[in-house]
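Chains as they are written, first to last, in the working numbering: chain E, 13 to 338; chain V, 13 to 338. Virtual Cβ for every residue (Gly too), placed ideally from N, Cα, C.
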């Protein structure tokens, strides 16, 4: 996995540097407060996965210039806006090992800064003057907020189905990653078939990314990814490992899982016990297996493109989306 | 004033009914939760000032059809999204005599529903396929969030100048009302001069509207407009009546004002005393006079248009924006 990460980072180092420049350039003329708050989130070592995929999607389809990099900032802003608002919604303790925004800054600042980034993203999109790009960005934003609302409405619902989970993670995570890839291909003037292929890659990478995140919530320690283990459980979010385990567990194991889910005082010992139940009933393996299948579909979506460095690094990113969990 | 209101309501009754239909039609296919939360705000007897001004702006410039009414929903969504997020930010007690959203619904729901309405507004805008309309809506959204952030940053700043106040209320209130008028004129295919005239009307009506609101905060009782008297003071928002009074007050009066502003326990008696200081030092009258001047500018912006019923009701609305304060 260290090799995979190193290979990706080497291949995209120059792109990441350009994306970083574009982010700084675009944020600079604005309010000090915005820069400080959003800067905390925007410049705390995020992975820039979304803008990177827009740049790579465009390159895969034959376009490679500063205009694409400039527009790629849009999807990082949308991502940051979602993180800011999610932190208010979740009240989570840790994200990437840092204190969340609503604890450094208060909830009002997080809400308003998120709004500003959302608005700035849509302003930038409108600057593209391309109605199809604008419609895609607007539709991403709408679906993401629907996904977040659905997730909020589903909190604590132990009857949540796998299909409902897949639809929620599609909206809240995959739609933005898909859109990043799609807009990249659109900006390159790709034909409809190419655009759908790149978008399909994005959807599958997005789903895998979220499933790996949901696995990490039960398998990582807080020294690793930096997110407190069991945060989803604490927030009443049922993810695939839990949904699957509940579906197949029987007798006292199932009873015990339901009883832990009904608790609102999660001790580390209880979290460990729950994670063991997920492993024992196959919920974690089932999720890993499903994610692996989706990685293959992501790679397969790129099959018709020439074997370029852009395609190679996109394939590596699909692998990495899952591999970071192992 | 009762006559003025009655005359406006009679003139626009049919438009308001059509706007109401468009709002319901547009919200219907969406999540139950969104409909319930946003419905509480969207269908609680709001004035529909913004969509109405888009419809009237278009009619003034010669267009009058269902497409305009359909798009006018955009500005009501933007307005509702702002109210939802403001309620989280302010923690205000009353708005239009009803419990605020974040008390009926929790802050997470208010944040996410606001995001949904914002996204829906921009999706609808992108459906217009008109890059200039889309850019205007995106830019309104951006300026509004800047205004809100500025207001948050300025909380409790007793050195706030009149110019800073005017810029903040322009961003947080006038820009949306201006934009509603502007988009109406744009949809009608008006020429640049006509568009700027209608937009100028909107800016001035928007400023007056906010100044009247800020006056009402010190002059209305909670039986009237339904907003708790002194809410701005409680939230540390310095409005023009206070800024002006602080600028002209001297000696013990000024000392007393500053001492009240430094309190965080506002009794009704203290609020009454503060309102009397605003009246006594001329802050309220100064604001009233300034608002009256802006009403005249709003009316003057329409002077070049033919004397139609649309122009007449827009003039009445300019009067009403201020008169509701008296």
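**Report entry** First and last residue of the uninterrupted alpha helix (DSSP H) at residue 162(E)
**Finding:** Reading the first chain from its first residue, position 150 is the one you call residue 162(E). Start and end: 143–165.
Query raised in the report: Apart from the five residues on each side of it in sequence, which residues of its chain come closer than 6 Å, Cβ to Cβ, to residue 196(V)?
Result: The residue you call residue 196(V) lines up with position 184 of the second chain. Residues of the same chain with a CB within less than 6 Å of the CB of residue 196(V), apart from the 5 flanking positions on each side, are 66, 69, 70 in chain order.
Query raised in the report: Between the C-alpha atoms of residue 319(E) and residue 135(V), what's the straight-line distance to the nearest angstrom?
Result: By one-based count along the first chain, residue 319(E) stands at place 307. By one-based count along the second chain, residue 135(V) stands at place 123. Distance between the alpha carbons of residue 319(E) and residue 135(V): 36 Å.
Query raised in the report: Which residues, in order along the stretch 76–88 of chain V, keep a beta-carbon less than 8 Å from a beta-carbon of chain E?
Result: Considering only beta carbons, no part of the stretch 76–88 of chain V lies closer than 8 Å to chain E.
Query raised in the report: Whole-angstrom Cβ separation of residue 64(V) and residue 31(V), contact assumed at under 8 Å?
Result: Residue mapping note: residue 64(V) aligns to position 52 of the second chain, counting from 1. Residue mapping note: residue 31(V) aligns to position 19 of the second chain, counting from 1. Correct: roughly 7 Å between the Cβ atoms.
Report task. Counting only the same chain and skipping the five closest in sequence on each side, list residues whose C-beta sits under 6 Å from that of residue 259(E). Result -> Reading the first chain from its first residue, position 247 is the one you call residue 259(E). Excluding residues within five positions, none has a Cβ falling inside 6 Å.
Query raised in the report: When we look at the beta-carbon of residue 286(E) and count the other beta-carbons within 10 Å, is it buried (16 or more) or exposed?
Result: Your numbering for residue 286(E) matches position 274 in the first chain. Classified as buried, residue 286(E) has 16 or more neighbouring CB atoms from the shown chains inside 10 Å of its CB.
Query raised in the report: Any contact of the stretch 170–177 of chain E with the stretch 179–189 of chain V, i.e. 3+ C-beta pairs under 8 Å?
Result: They do not touch, by the three-pair rule.
Query raised in the report: Alpha carbon to alpha carbon, how far is residue 100(V) from residue 323(E)?
Result: Counting from 1 along the second chain, the entry for residue 100(V) is found at position 88. Counting from 1 along the first chain, the entry for residue 323(E) is found at position 311. Pairing residue 100(V) with residue 323(E), the inter-Cα distance amounts to about 45 Å.
Query raised in the report: Which residue comes first and which comes last in the alpha helix (DSSP H) that contains residue 303(E)?
Result: Here the question's residue 303(E) lines up with position 291 in the first chain. Segment 295–313, the alpha helix (DSSP H) holding residue 303(E).
Report task. Using a cut-off of 7 Å between C-beta atoms, extract the partners of residue 132(E) located in chain V. Result -> As a first step, residue 132(E) is located in the first chain; it is residue number 120 there, counting from the start. Near residue 132(E) (Cβ distances below 7 Å), the residues of chain V are 154.
Requested in this report: Can you grab the Cα-Cα spacing for the pair residue 82(E) / residue 37(E), in whole Å?
Outcome: Taking the first residue of the first chain as position 1, residue 82(E) is located at position 70. Taking the first residue of the first chain as position 1, residue 37(E) is located at position 25. Roughly 9 Å between the two C-alpha positions.
Requested in this report: Flag residue 125(V) as yes if its beta-carbon sits less than 8 Å from any beta-carbon of chain E, otherwise no.
Outcome: Sequence index remark: in the second chain, residue 125(V) carries index 113 (1-based). At least one chain E Cβ lies under 8 Å of residue 125(V).
Requested in this report: Give every residue of the same chain whose Cβ lies closer than 7 Å to the Cβ of residue 190(V), excluding the five residues on either side of it in the sequence, and list them in chain order.
Outcome: As a working note, residue 190(V) is residue 178 in the second chain. Answer for residue 190(V): 211, 214, 215, 218, listed in chain order.
Query - chain V within 8 Å of residue 238(E), Cβ atoms only - result: For the purposes of this step, residue 238(E) is taken as residue 226 along the first chain, with counting starting at 1. Interpretation of residue 238(E) is limited by its pLDDT of 46, a score under 50 that renders its predicted location unreliable; the figure taken from the coordinates is listed afterwards. Chain V, which has no Cβ nearer than 8 Å to the Cβ of residue 238(E), makes this no.
Query raised in the report: Taking 8 Å as the CB-CB cut-off, is residue 23(E) touching chain V?
Result: Position 11 of the first chain holds residue 23(E). Not closer than 8 Å to any Cβ of chain V, the Cβ of residue 23(E) fails to qualify, so no.
Query raised in the report: Would residue 160(E) count as contacting chain V if we go by Cβ distances under 8 Å?
Result: Here residue 160(E) refers to the residue found at position 148 of the first chain. Among the residues facing chain V, residue 160(E) is included, as its CB has a counterpart in that chain under 8 Å away.
Query raised in the report: Going along the chain, which residues of its own chain have a beta-carbon closer than 7 Å to the beta-carbon of residue 19(E), five neighbours each way excluded?
Result: Here residue 19(E) refers to the residue found at position 7 of the first chain. Taken in chain order, the residues that qualify are 328.
Query raised in the report: Taking just the CA atoms, how far does residue 331(V) sit from residue 22(V)?
Result: For the purposes of this step, residue 22(V) is taken as the residue at position 10 of the second chain. For the purposes of this step, residue 331(V) is taken as the residue at position 319 of the second chain. When rounded, the distance between both Cα atoms is 16 Å.
Requested in this report: Within the stretch 224–267 of chain V, note down every full alpha helix (DSSP H) run reaching 4 residues or more, in order along the chain.
Outcome: Counting only runs of 4 or more, we get 243–246, 252–260.
Query raised in the report: Quick one: is residue 176(V) near chain E, going by C-beta distance under 8 Å?
Result: Taking the second chain and counting its residues from 1, the one referred to as residue 176(V) is at position 164. No, no contact with chain E.
**Report entry** Pair within 8 Å by beta-carbon distance, residue 129(E) and residue 93(E)
**Finding:** As a working note, residue 129(E) is residue 117 in the first chain. As a working note, residue 93(E) is residue 81 in the first chain. The answer is yes: Cβ separation under 8 Å.
**Report entry** Members of the stretch 91–103 of chain V that neighbour chain E once the beta carbon cut-off is set at 7 Å
**Finding:** Interface annotation for the stretch 91–103 of chain V against chain E: 97, 100, 101, criterion Cβ-Cβ distance under 7 Å.
Query raised in the report: Rounded to a whole number of angstroms, what is the C-alpha to C-alpha distance between residue 180(E) and residue 162(E)?
Result: Within the first chain, the letter at position 168 stands for residue 180(E). Within the first chain, the letter at position 150 stands for residue 162(E). Cα to Cα, residue 180(E) sits roughly 7 Å from residue 162(E).
Query raised in the report: Cβ atoms of residue 165(V) and residue 224(V): under 8 Å apart, would you say?
Result: For this step, residue 224(V) is matched to residue 212 along the second chain. For this step, residue 165(V) is matched to residue 153 along the second chain. Contact: no.
**Report entry** Nonlocal neighbours in the same chain, by C-beta distance under 8 Å from residue 14(E), ignoring five residues either side
**Finding:** Residue mapping note: residue 14(E) aligns to position 2 of the first chain, counting from 1. So no residue of the chain qualifies.
Query raised in the report: Are the CB atoms of residue 241(V) and residue 261(V) nearer to each other than 8 Å?
Result: Looking up residue 241(V) in the second chain gives position 229. Looking up residue 261(V) in the second chain gives position 249. No Cβ-Cβ contact shorter than 8 Å links residue 241(V) with residue 261(V).
**Report entry** Buried/exposed call for residue 305(E), threshold 16 Cβ in 10 Å
**Finding:** Translated into the one-based positions of the first chain, residue 305(E) becomes position 293. In the assembly as shown, residue 305(E) is an exposed residue. Its beta-carbon has fewer than 16 other beta-carbons within 10 Å.
**Report entry** Whole-angstrom distance between residue 182(E) and residue 159(E), CA atom to CA atom
**Finding:** For the purposes of this step, residue 159(E) is taken as the residue at position 147 of the first chain. For the purposes of this step, residue 182(E) is taken as the residue at position 170 of the first chain. Cα-Cα distance, rounded: 8 Å.
Query raised in the report: Rounded to a whole number of angstroms, what is the C-alpha to C-alpha distance between residue 243(E) and residue 229(E)?
Result: Stepping through the first chain from its first residue, residue 243(E) is reached at position 231. Stepping through the first chain from its first residue, residue 229(E) is reached at position 217. In this model, residue 243(E) and residue 229(E) are separated by some 7 Å (Cα to Cα).
Requested in this report: With a 10 Å radius around its C-beta and 16 neighbouring C-beta atoms as the bar for buried, classify residue 167(E) as buried or exposed.
Outcome: On the first chain, residue 167(E) is found 155 positions in, with the first residue counted as 1. The residue in question, residue 167(E), is exposed, as its Cβ has fewer than 16 Cβ neighbours within 10 Å.
Report task. Would you grab the beta carbon distance between residue 384(V) and residue 133(V) for me? Rounded to a whole angstrom, and I think it's under 8 Å. Result -> Nothing can be reported for residue 384(V), as the shown portion of chain V is limited to 13 through 338.
Query - chain V contacts from the stretch 243–264 of chain E (Cβ-Cβ distance under 9 Å) - result: Sequence-ordered contacts of the stretch 243–264 of chain E with chain V are nonexistent [C-beta pairs closer than 9 Å].
Report task. Note down the Cα distance separating residue 264(E) from residue 333(E), rounded to an integer number of angstroms. Result -> Within the first chain, the letter at position 252 stands for residue 264(E). Within the first chain, the letter at position 321 stands for residue 333(E). The alpha-carbon atoms of residue 264(E) and residue 333(E) are separated by roughly 35 Å.
Report task. From the DSSP output, in three-state form, read off residue 203(E) for me. Result -> Taking the first residue of the first chain as position 1, residue 203(E) is located at position 191. If DSSP states are grouped into helix, strand and coil, residue 203(E) belongs with coil.
Report task. Taking residue 253(E) as the reference, give the member of 88(E), 226(E), 220(E) with the closest Cα. Result -> Here residue 253(E) refers to the residue found at position 241 when the first chain is read from its first residue. Distances from the alpha-carbon of residue 253(E) to those of 88(E), 226(E), 220(E) put 226(E) closest.
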